Structure formats: C-alpha cells, structure tokens
Amino acid sequence: MRLHVGCAMWAHRSWQGRFLAHPSPAQERLRHYAGWCDAVEGNTTFYATPSRDTVASWARQTGPDFRFVVKLPRLVTHDRRLADADAELRAFLDAIEPLGPRAHALWVQLPGSFAPADVPALARFLRRLPAAHRQAVEVRHPAFFADAHAARLLEETLAVTDAEWIPFDTTAFFASPPTSDAEREAWTRKPRLPLRTRALTDRPIVRYLGRDDPGRTVEGWRRWVDVVAGWLREGRSPTVFVHTPDNADAPALARRFHDEVRARVPGLGALPEPVPVEPLTLF
Numbered sequence: 000m001r002l003h004v005g006c007a008m009w010a011h012r013s014w015q016g017r018f019l020a021h022p023s024p025a026q027e028r029l030r031h032y033a034g035w036c037d038a039v040e041g042n043t044t045f046y047a048t049p050s051r052d053t054v055a056s057w058a059r060q061t062g063p064d065f066r067f068v069v070k071l072p073r074l075v076t077h078d079r080r081l082a083d084a085d086a087e088l089r090a091f092l093d094a095i096e097p098l099g100p101r102a103h104a105l106w107v108q109l110p111g112s113f114a115p116a117d118v119p120a121l122a123r124f125l126r127r128l129p130a131a132h133r134q135a136v137e138v139r140h141p142a143f144f145a146d147a148h149a150a151r152l153l154e155e156t157l158a159v160t161d162a163e164w165i166p167f168d169t170t171a172f173f174a175s176p177p178t179s180d181a182e183r184e185a186w187t188r189k190p191r192l193p194l195r196t197r198a199l200t201d202r203p204i205v206r207y208l209g210r211d212d213p214g215r216t217v218e219g220w221r222r223w224v225d226v227v228a229g230w231l232r233e234g235r236s237p238t239v240f241v242h243t244p245d246n247a248d249a250p251a252l253a254r255r256f257h258d259e260v261r262a263r264v265p266g267l268g269a270l271p272e273p274v275p276v277e278p279l280t281l282f
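Numbering-wise, the sequence shown is residues 0 to 282 according to numbering that gives the first Met the number 0.
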C-alpha cells in the first residue's frame, strides 16, 4: 500500500535554501527534491525530448521506487494529434528507457480541442504504445465531463489498454477570484473543468491545483484526502501531485497531504524524512 506525492517540477527558484541546498549544481537538484517527495511530473519532456544521458542522470539521483509521470512530447499529442509521429514517439521512448521502473506512466495530455469525435485516434495510438509502460490520459474538452456518453466512450477506450484517466482538479482554485500575480496568470491559463474523482485502474493519478495561500490549498484538498484514503483501502496505489500558482511551498504541501492521508490510513508508511537546509515555517 503506497501513496506517492510530488510536484510539477523538482527545482524552483524559491526552493533554494529551503527545500534544496543553495547553492547546488543543476545535476544534484533532483536528488535533494527526492528527499521531500517520491514522485514528479515530467513536464519538461512535453517541450523537448531529453537525451538518454540526461535521463540516466535522473535515474542516478532517485531510488527505484521514485515515480516519474512523463509527459509525451507536444509534437506527438498537440501538433500531430497522435498521428504520423512514430519516429518522434520511438525517439522519446528510447530516451526515457534509462528510468526503468521509475517511469511510472506515459502521460498523454491532450489539447482542449481534442473532442469525443477524436477518441478513435486515441484508441489507435494507445494500442501502439508498448505494453511495458502504463498509460495515463488527460483530456480537457468539456464534453468528456458534461456528456455521460462521451465519458463512457473514453472510459471504454482507456480500459482496452488499462490506461488511467488523469483528473486535473482546479475547482478549489477557481472558487474565488485571484489575489496574487501568480494566481492572476494561472486564472487565464489553467483549465476550468468539473471535478472528477473516479479511478479506472489500481494506479490512479491526480493533479490538484490549490491557491498561493497554503491554508486555502489545504482546505481545498479535503475531498481528495477522503478519496485517496478510500483508494488505498481498496488496494490501489495512487500518485497525487500538488500544485499552487507560485509553487513556492509545493514540496511541503505535498508532504502534508501525505501526512493527512496517513492519519486516515494508519497502515500507510511514512515518507522519508528530508534533511532541511534551514528551519521551515510554512505551518
């Protein structure tokens, strides 16, 4: 029974001297982050496929139980819309091979224009992915959330390859107007979609966006504490990523989420204790 938690990145300027040693070379920052969290979103791979040497360095900095949820390149998912990108997909899969078991899932994030009518293209694409990799799909077209037939069609398609549906929960974020520059920027960029808490597989993945105020972030995730605790009792092994618009306190928040779930599920093991680089005053 494992709950993995993490953030949208493993290095952030505001983390220097708090969660990460300062100064620290770029090639060591993931190692420091892995002392706080045991999962990370692979957002950088969306913009460019890394070299195998770079990925091998990620593997060296993390233990075998660390989870990378690696996002497929934009060229594959957005520009080519899952078609005519075999060479690019092969290059990506070859590049991430050094992660081994750390590559927890291939994250297929689809654009908001990817509608229910496009699901057959997704079905063909998922069938071509190697069975050795778990698959997780994030959709943003409103019809998948508002139309029961569209949701069922997507779920049936994902079930063929045992793929998960990743919800990006922004409901707490959009509950009230923004109060900071980072929140105002996120207000224009983040998807505004209904809450979804249904898991399709034994390895559900959740992305949660709170607010820059840690207290409001914690208040907004209460429903997820209940949901994740229930998943664990069912024998599932979820991964939860905690975001805030500025991400300044995200590692500590992710650990707090894990602690709150563990209080509900006593059999859940604790995260390793990081060595703080200076006293933290978040809570």
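We put the beta carbon where it would ideally sit given N, CA and C, even for glycine.
Only a predicted model underlies this, so the values are computations on that prediction, with no experimental measurement involved.
Anticipated Cβ contact below 8 Å, residue i with residue j, distance rounded
| i | j | result |
| --- | --- | --- |
| Gly294 | Phe240 | Absent from the structure is residue 294, since the part of the chain shown begins at 0 and ends at 282. |
| Ala231 | Leu267 | According to the sequence displayed, residue 231 carries Leu and not Ala. At roughly 6 Å, the Cβ-Cβ gap stays under 8 Å, so Leu231 and Leu267 are in contact. |
| Gln26 | Ser56 | 6 Å |
| Thr156 | Val118 | 5 Å |
Cα-Cα separation between residue i and residue j, rounded to whole angstroms
| i | j | result |
| --- | --- | --- |
| Phe18 | Pro250 | 7 Å |
| Asp225 | His257 | 12 Å |
| Gly214 | Phe167 | 20 Å |
| Phe143 | Val276 | 44 Å |
| Pro173 | Pro244 | Residue 173 is actually Phe in this sequence, not Pro. So the two alpha carbons sit approximately 12 Å from each other. |
| Glu182 | Asp212 | 10 Å |
| Glu233 | Pro22 | 43 Å |
| Met8 | Ala162 | 23 Å |
| Asp37 | Glu154 | 28 Å |
| Ala269 | Arg261 | 7 Å |
| Arg123 | Phe113 | 15 Å |
As assigned by DSSP and simplified to three states, the class of residue i
| i | result |
| --- | --- |
| Gly5 | strand |
| Tyr207 | strand |
| Thr126 | The question names Thr, but residue 126 is Arg in the sequence shown. In the structure shown, Arg126 sits in a helix (DSSP, three-state: H, G or I). |
| Thr216 | helix |
| Ala135 | strand |
| Gln15 | strand |
| Phe167 | strand |
| Phe240 | strand |
| Gln26 | helix |
Near the ligand PLP: residue i beta-carbon under 8 Å from a heavy atom
| i | result |
| --- | --- |
| Phe18 | In the structure on display, the ligand PLP does not appear, and there are no ligands present to speak of. |
Residue i - partner residues in DSSP beta bridges
| i | result |
| --- | --- |
| Gly41 | Val69 |
| Phe173 | Phe173 pairs with nothing; no bridge assigned. |
| Trp106 | Lys70, Ala135 |
Exercise for the section: Indicate whether the contact test is met: 3 or more Cβ pairs, each with one atom in the stretch 94-105 and one in the stretch 38-54, closer than 8 Å. Expected result: yes
Practice task
Pair every Cβ in the stretch 101-108 with every Cβ in the stretch 68-81, then say whether three or more of these pairs are closer than 8 Å.
Solution key: yes
Problem - Three-pair Cβ contact test at 8 Å for the stretch 130-144 versus the stretch 71-79 - result: no
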